[in-house]
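J.: Going left to right, the sequence shown walks through residues 3 to 255 as my numbering numbers them. Glycine included, C-beta positions come from ideal geometry on N, C-alpha and C. Quick one: this structure, given as structure tokens, is what I'll be asking you about.
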Amino acid sequence: MDGKTMPLAGHLGELRRVVIVSTIALMTCAIITFFAFGDQLLAFLTRPLKELDVPVIATRVGEAFITKIKVSLLAGFILAFPVMVWQVLGFILPALTRGERRLLLVLFSLSVALFATGIIFAYFTVFPLTVRFLLVLVTEGLQPMITVRDYLSFVLAFFIPFGLVFQLPLAAFVLTRMGLVTPRWLVKKRKYALLLNFILAAILTPGSDVISQLMMALPMVLLYEAGVVVSYLVYRFYRSKVGNKARMVEVST
Numbered sequence: 003m004d005g006k007t008m009p010l011a012g013h014l015g016e017l018r019r020v021v022i023v024s025t026i027a028l029m030t031c032a033i034i035t036f037f038a039f040g041d042q043l044l045a046f047l048t049r050p051l052k053e054l055d056v057p058v059i060a061t062r063v064g065e066a067f068i069t070k071i072k073v074s075l076l077a078g079f080i081l082a083f084p085v086m087v088w089q090v091l092g093f094i095l096p097a098l099t100r101g102e103r104r105l106l107l108v109l110f111s112l113s114v115a116l117f118a119t120g121i122i123f124a125y126f127t128v129f130p131l132t133v134r135f136l137l138v139l140v141t142e143g144l145q146p147m148i149t150v151r152d153y154l155s156f157v158l159a160f161f162i163p164f165g166l167v168f169q170l171p172l173a174a175f176v177l178t179r180m181g182l183v184t185p186r187w188l189v190k191k192r193k194y195a196l197l198l199n200f201i202l203a204a205i206l207t208p209g210s211d212v213i214s215q216l217m218m219a220l221p222m223v224l225l226y227e228a229g230v231v232v233s234y235l236v237y238r239f240y241r242s243k244v245g246n247k248a249r250m251v252e253v254s255t
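Shown next, in the form of structure tokens:
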């Protein structure tokens, strides 16, 4: 801010502060969730099984307690996600211009909204269909009994990837700003991205039907296209900015 370059020790100190604040935010949200909403959250997550009359059991001593801790950490991560992103932005913002800061702050709001949208989308669409397919249609004639530990692992494999996948537009902005990708490159690699999207959908919905895989792949495709648009806008903005500076230099000389 004062025109001087911050030494490496200063950058490391700022990065250390980002990590510490993010960790404190995560643990605080997790502890509050554990004592105030732990049981309600666990009941909320297991509701799809209860609707199918599938019992959730614990086969080890302390398994239910450990699961409640893990669920609280998951909720803490979701609740603390805005704070974590804000800390990262605070580490980056001093190196950006005023226009870049405004654009990045807008993308920060979109990032939080997209992360929440991804988790909500997974819970109310793909997840119930996948659970019904795997526990009812595939296991017809059998009585499934799911351990709470295995069920939580299954939930984590669903929700967190959905929230992260919905960050593709923000990733397109950062990579384009750094000069690592261009909109033309993203368009050129579209067919490979489509193939990768469907492969990831098949992996993240293991054993599921085609409909569930399509429901996960479709938003990934749309988000990739949104990333192309964001990359184009950023690329065009900086090209016009460079062009204006070149014209100013030419006029002055």
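If you pair each beta-carbon of the stretch 80 to 89 with each one of the stretch 22 to 31, do three or more pairs fall below 8 Å?
T.: At 8 Å Cβ cutoff, the stretches touch.
J.: Under DSSP, the alpha helix (DSSP H) around Asp-152 begins and ends at which residues?
T.: Counting from one through the sequence shown, the residue named residue 152 turns up at place 150. 150 to 167 is the extent of the alpha helix (DSSP H) around Asp-152.
J.: What does the alpha-carbon distance come out to for the pair Gly-78 and Phe-93?
T.: For the purposes of this step, residue 78 is taken as residue 76 along the sequence shown, with counting starting at 1. For the purposes of this step, residue 93 is taken as residue 91 along the sequence shown, with counting starting at 1. Roughly 22 Å separates the two Cα atoms.
J.: Using the rule of at least 16 other Cβ atoms within 10 Å of the residue's Cβ for burial, across every protein chain shown, is Leu-154 buried or exposed?
T.: Position 152 of the sequence shown, counted from the first residue, corresponds to residue 154. Classification of Leu-154: buried, given that the 10 Å Cβ count is 16 or more.
J.: Compute every distance between the C-beta of Phe-160 and the non-hydrogen atoms of the ligand HEM, then say whether any falls below 7 Å.
T.: The ligand HEM is not part of the structure shown, which contains no ligands of any sort.
J.: From Leu-131 to Gly-40, what distance separates their C-alpha atoms?
T.: Reading the sequence shown from its first residue, position 129 is the one you call residue 131. Reading the sequence shown from its first residue, position 38 is the one you call residue 40. So the two alpha carbons sit approximately 25 Å from each other.
J.: Going by C-alpha distance, which of Lys-193, Pro-171, Leu-182 and Ile-34 is nearest Leu-109?
T.: Position 107 of the sequence shown, counted from the start, is the residue given in the question as residue 109. Cα-wise, what sits closest to Leu-109 is Pro-171.
J.: Where does Gln-145 land, buried or exposed, given buried means 16+ other C-beta within 10 angstroms?
T.: Residue numbering aside, residue 145 sits at position 143 when the sequence shown is read from its first letter. Exposed: under 16 other Cβ atoms inside 10 Å.
J.: How many Å lie between Lys-52 and Ile-68 at the Cα?
T.: Taking the first residue of the sequence shown as position 1, residue 52 is located at position 50. Taking the first residue of the sequence shown as position 1, residue 68 is located at position 66. Distance between the alpha carbons of Lys-52 and Ile-68: 21 Å.
J.: Note down, one range per segment and in chain order, each alpha helix (DSSP H) of at least 4 residues found wholly within the stretch 30 to 70.
T.: Segments of the alpha helix (DSSP H) lying fully in the stretch 30 to 70: 40 to 47 and 49 to 53.
J.: Tell me whether the beta-carbon of Leu-136 lies closer than 8 Å to the beta-carbon of Val-56.
T.: Here residue 136 refers to the residue found at position 134 of the sequence shown. Here residue 56 refers to the residue found at position 54 of the sequence shown. Contact flag unset, no.
J.: With a CB to CB cut of under 7 Å and the five nearest residues on each side skipped, what residues in its chain are close to Val-157?
T.: Against the sequence shown, residue 157 aligns to sequence position 155. Here the set comprises Leu-47.
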